[in-house]
Amino acid sequence: MVKVSLRPITPENLDECISLKVANHQKGFVDSNIYFLARAAVSPTYHPFGIYDADAHHQANRSMVGFVMYGLSNARGFILRLMIDEKFQRRGYGRAAIVEVIRRLKLHPEVERIATSYDKKNEAAARLYESLGFVDWKHESRDERYSGQRYLILQEDRA
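Note that the numbering used here gives residue 150 to position 133 of the sequence shown, counting from 1, and the numbers run on in steps of one.
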């Protein structure tokens, strides 16, 4: 399995994060990285990270392969964002990044549950999260922008 390292988004890697792109057919599934970075800038409970290949030989020259962000609130760790650049998709980076985020969230003593959501039409996200032990979660969002989202929670025995 591919190994990833997560690095905080900083002024040094911000432009690289902003330049990441998904494939054309995926653009309707996710908001821009700029949107999520703006949210993180005003919310201390949001944690944005660049995703890097941990096995790349020249660590200083490694490219960011994706972007992930989670939030902490109400005894829950919520995976808010996962995107892998179109050039690096289908190599296991998304799975490895979510496994690492789950590991990190479990280190927070206040986190009792781990949850996420994705666009209901995103079949790749469905396969990924279900294969990692996420199940449907009855969550109602009052915000119309999220009416097309499927909400999932990590099964108790997997958390």
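C-beta atoms are modelled at their ideal positions from N, C-alpha and C, and glycine is treated no differently. Nothing here was measured: the structure is a model prediction, and the numbers come from that model.
Item, Value
"According to DSSP, residues forming a beta bridge with glycine 10", "An answer regarding residue 10 cannot be provided, because it is not within the stretch 18 to 176 covered by the chain."
"Distance, phenylalanine 46 Cα to lysine 138 Cα", "8 Å"
"Selection from Ser90, Leu145 and Gln166 that minimises the alpha carbon distance to proline 126", "Ser90"
"DSSP state of alanine 176 mapped onto helix, strand, coil", "Because alanine 176 sits at a pLDDT of 47, beneath the cut-off of 50, its placement in the model cannot be relied upon, and the following sentence gives the value as read from the coordinates. If DSSP states are grouped into helix, strand and coil, alanine 176 belongs with coil."
"Burial state of histidine 42, where buried means 16 or more other Cβ atoms lie within 10 Å", "exposed"
"Inter-residue spacing [alpha-carbon to alpha-carbon] between alanine 143 and lysine 44", "16 Å"
"Under the three-state DSSP convention, the category aspartate 102 falls into", "coil"
"Three-state secondary structure (DSSP) of arginine 79", "coil"
"From Leu149, Ser134, Pro61 and Leu99, residue whose alpha carbon lies closest to that of cysteine 34", "Leu99"
"Whole-angstrom C-beta distance between arginine 93 and phenylalanine 66, which should lie under 8 Å", "Their Cβ separation, rounded to whole angstroms, is 18 Å, which puts phenylalanine 66 and arginine 93 out of contact at 8 Å."
"Integer-rounded CB distance, given that isoleucine 101 should sit under 8 Å from threonine 115", "What sits at residue 115 in the sequence shown is isoleucine, not threonine. The pair is not a contact, with the Cβ atoms about 11 Å apart (cut-off 8 Å)."
"Backbone secondary structure at aspartate 136 - three-state DSSP", "strand"
"Nearest to glutamate 173 (by Cα), restricted to the options Thr62, Glu129 and Ala55", "Glu129"
"Rounded distance between the beta-carbons of aspartate 153 and leucine 169, thought under 8 Å", "6 Å"
"Contacts around methionine 18, its chain only, beta-carbon distance under 8 Å, and the 5 residues preceding and following it disregarded", "Gly109, Arg112 and Ala113"
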